[in-house]
Structure formats: structure tokens, C-alpha cells
Ligand code: 13P
């Protein structure tokens, strides 16, 4: 029996749980491994991800789904068990990053368009066969004095909508991720600018999803939070980030969308947790609000692991702690002193 898209989407944003983004491309995972002095071989990538997926406390209690890079979807654990089976055994839904990355958008020097639509229908059938029940496509929107252009907002929203429609046709729930980047050099990139640009991108996104006939009950939105640009020199309180983020989402995201799972985007582990918890504690919202973090779920575990078998248990404990903190944030019950207690 094929599962309903709506049921998969609801499982992906289950109460007090969220998504582990472990879909770093070969280039990105190399950068992460460089930071701990480990060579990025196929086996090292497997060992690292196997360590995460076998972290029972974290996976069973706080992780509803895992986004994989294509290599991992077809990879086997050291004992021969497919990694996908480890994820399913922990009660989480396996997912797959299907975009082929952000490339230069013609006519602009800094903006990007995400590629990967050609042949996607056939790839999705293969991914479904391998066990994937949701997918991810990430678009990036760059803030500068002169950008974003309408062309980049529109072209990326259109590609995301075409991707989402193809996923649903294949029985796969699309995670729609139009990310307004928080890095960037520009002094004008304060929190107001982030709010304005994110609202624009999301308005365009839901318009395109409507034109493409996407069933909103069978998708998950993965947006950025509303934060000041990292190099803008300005700071915002947790309450301000929560207030602005919830306002933009309420203005743009129909109540039929079951859940919104944020990216961490370069926020510190604790900031990403504190912001999410504040939103859930302070506001009533029509959708589940949770996490789909990459860096903010993995950074501590990656460091504790350091590429050594003898560190696996410590790395799994670090992952469990971060996952638990975020699980509480998804319920709005996280407190800063819980970090110190650990
Ligand atoms: P970060 O949480 O590290 O931003 O990664 C999430 C993700 O999947 C970006 O596409």
C-alpha cells in the first residue's frame, strides 16, 4: 500500500521531533571533515553517518526524518545493513536531497539558480524504490545592495514548484527550501531587510506552488528565520527574531501546510534552539514549527567524533544532547540553563 503524502508530511513534523539534515554534498562534507582533520573518503563519510543513525537516544526520540545525499541512500553500514534500514528502524523517515546545487544565474554576478530538474522524474522513481519518502531542494537568495532581483526570486520559486509537483507525482513529500542567506558582506543587510526579502520570496513561492498544482497538505516548508545578516554588525534579541519570523510566516504560509522546519543557516547551535523555542512558546500557529538542521544538529557531534572509532559513544552523546534541546524547542519548553546542566 502506498502511504499518503499527507500522512508522511505529518510524520515528518511529529510532536517534539524534527529533521536531521545529513545531506551535505561531497564538497560540503569535505569542508566539514577538513575542520576536524579527517580525510573525506567514502568509508569515512559512511562511518560518520552510521554513527549518527545508530545514535539510538537521539534518533528514536527527537528525529522524525533524515535527509540524505544520494551516496548515503545507497550505502551500507560496516556490517552490511543498508543505512536506510538503520533510519527506518529508529522510526524516522528517509529523505533525499535531489537538487544538483546552486549555479550562477545568467545576467548577474552573484545570484544563483538551483539546477536539477532535467531527468528528475526518473531519479525520483529510483529514490522511491530505495526507500526515500521525502525529498529536499534548496534554492538560495542572496541579499546585497543590488539583490535579490525579481528574476532570481521568480526563477528559483518556479524551479522549486516544478520539483515539488514531480515529487508528489512520485509519492514523495517535497521539502520546499527557499533560503534567504544570512551570510553576505553587506552593511545594509539588517533584520528588516531579511524580513522584507523573505516575505517577498515566500509570497512568490506559494504563488508558484499554486500554479504548479502542488498539494499543500503534502509538503513541508523549510525557510530561514528572520535574522540580521552575519556581517551587518547588528544584533537582534531572541524575542525580535521570533516575532518577525512568525509574522512573515503568518503573512505567507497557508494553514493547510502541515509543518515548517527551519534550516539553521549558520546560526550557533544554541541560537537556533533558542529562536525556535521562543516561537513555539510565544505564539499560536496553524502549523507545526520545528527544525531541519544540518550544522546546528551535527557540529558538536562532528567535533566529538573526530574520525575515531573510540569516540563514537561520545559523539552520539553530543548528538543526543543537541537533538534533545531541539526537541524541547519544538515544544517551546527549552531553557538556557538546560545547556549548562549538560
Ligand atoms: P543548515 O541547518 O546547516 O543550514 O543545513 C540545513 C540544510 O539542509 C540546508 O539546505
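Numbering (the working numbering), first residue to last: 290 to 631.
Beta carbons: idealized from backbone N, C-alpha and C, even for Gly.
Which residues in the same chain have their Cβ closer than 6 Å to the Cβ of residue i, if we skip the five residues on either side of it in sequence?
i	result
residue 572	535
residue 607	589, 590, 593
residue 319	329
residue 505	543, 545, 546
residue 478	432, 518, 521
residue 365	371
residue 429	391, 401, 468, 470
residue 323	none
residue 373	383, 420
residue 497	446, 447, 450
residue 601	340
For residue i, which residues from the same chain have a beta carbon less than 7 Å from its beta carbon, with the 5 sequence-adjacent residues on both sides left out?
i	result
residue 541	488, 491, 492, 495
residue 657	Residue 657 falls outside the range modelled here, since the chain spans only 290 to 631, and no answer is possible.
residue 302	353, 509, 547, 548, 550, 577, 579
residue 363	419
residue 443	493
residue 438	397, 400
residue 421	362, 383, 384, 385, 461
residue 358	312, 313, 314, 386
residue 527	563, 564, 567
residue 525	480, 516, 517
residue 570	621
residue 338	311, 361, 372
residue 503	450, 453, 454, 457
residue 466	425, 426, 427, 428, 511, 552
Under 8 Å between C-beta atoms, does residue i make it to chain C?
i	result
residue 414	The structure shown contains no chain C; it holds only a single protein chain.
Between residue i and residue j, how many whole angstroms is the CB-CB distance? I'm expecting something under 8 Å.
i	j	result
residue 451	residue 501	6 Å
residue 538	residue 619	Their Cβ separation, rounded to whole angstroms, is 15 Å, which puts residue 538 and residue 619 out of contact at 8 Å.
residue 340	residue 379	Contact doesn't hold; Cβ gap of about 13 Å is too wide.
residue 415	residue 464	Between residue 464 and residue 415 the Cβ distance is about 18 Å, and since that is not below 8 Å, they are no contact.
residue 376	residue 423	Contact doesn't hold; Cβ gap of about 12 Å is too wide.
residue 327	residue 583	Their Cβ separation, rounded to whole angstroms, is 17 Å, which puts residue 327 and residue 583 out of contact at 8 Å.
residue 609	residue 344	6 Å
residue 552	residue 613	20 Å between Cβ atoms; not a contact.
residue 515	residue 560	In fact, because the Cβ distance is near 13 Å, the residues do not count as touching under 8 Å.
residue 403	residue 453	Actually they are not in contact, since the Cβ atoms of residue 403 and residue 453 sit about 13 Å apart, beyond 8 Å.
residue 533	residue 480	6 Å
residue 555	residue 472	6 Å
residue 507	residue 298	5 Å
Starting from the C-beta of residue i, find all residues in its chain whose C-beta is less than 8 Å away, skip the five residues before and the five after it, and write them out in chain order.
i	result
residue 389	403, 404, 405
Practice task
Go through the stretch 547-596 residue by residue and report every complete run of the alpha helix (DSSP H) that reaches 4 residues or more, in order.
Solution key: Listed in chain order, they are 558-571, 584-594.
- Whose CB is closer than 5 Å to a heavy atom of the ligand 13P? List the residues in chain order. Those residues that have a beta carbon less than 5 Å away from any non-hydrogen atom of the ligand 13P are, in order along the chain, 310, 427, 552, 553, 554, 582, 583, 584.
Which complete beta strand (DSSP E) runs does the stretch 312-352 hold, if anything under 3 residues is left out? The DSSP assignment places no complete beta strand (DSSP E) segment of no fewer than 3 residues inside the stretch 312-352.
* Does the stretch 450-469 touch the stretch 322-341, meaning 3 or more C-beta pairs lie closer than 8 Å? -> Not touching, per the Cβ criterion.
Stretch pair the stretch 348-355 + the stretch 305-319: three plus CB contacts closer than 8 Å
By the C-beta criterion, the stretch 348-355 is judged to be in contact with the stretch 305-319, since at least 3 inter-stretch pairs fall below 8 Å.
Report task. Tell me, please, whether the stretch 396-407 touches the stretch 291-302 by the rule of three or more beta-carbon pairs shorter than 8 Å. Result -> Counting Cβ pairs under 8 Å, fewer than three are found: no touch.
Cβ pair count under 8 Å reaching 3, the stretch 598-607 against the stretch 573-580: For the pair of segments examined, the stretch 598-607 was found not to touch the stretch 573-580: the number of CB pairs separated by less than 8 Å stays below three.
(Q) To test your reading of the DSSP string, which unbroken alpha helix (DSSP H) runs of 4 or more residues are found completely within the stretch 342-409? (A) Runs of the alpha helix (DSSP H) inside the stretch 342-409: 345-351, 359-362, 372-378.
> Fully enclosed by the stretch 446-473, which beta strand (DSSP E) runs are 3 residues long or longer?
Replying inline: Taken in chain order, the complete beta strand (DSSP E) segments of 3 residues or longer contained in the stretch 446-473 are 462-469.
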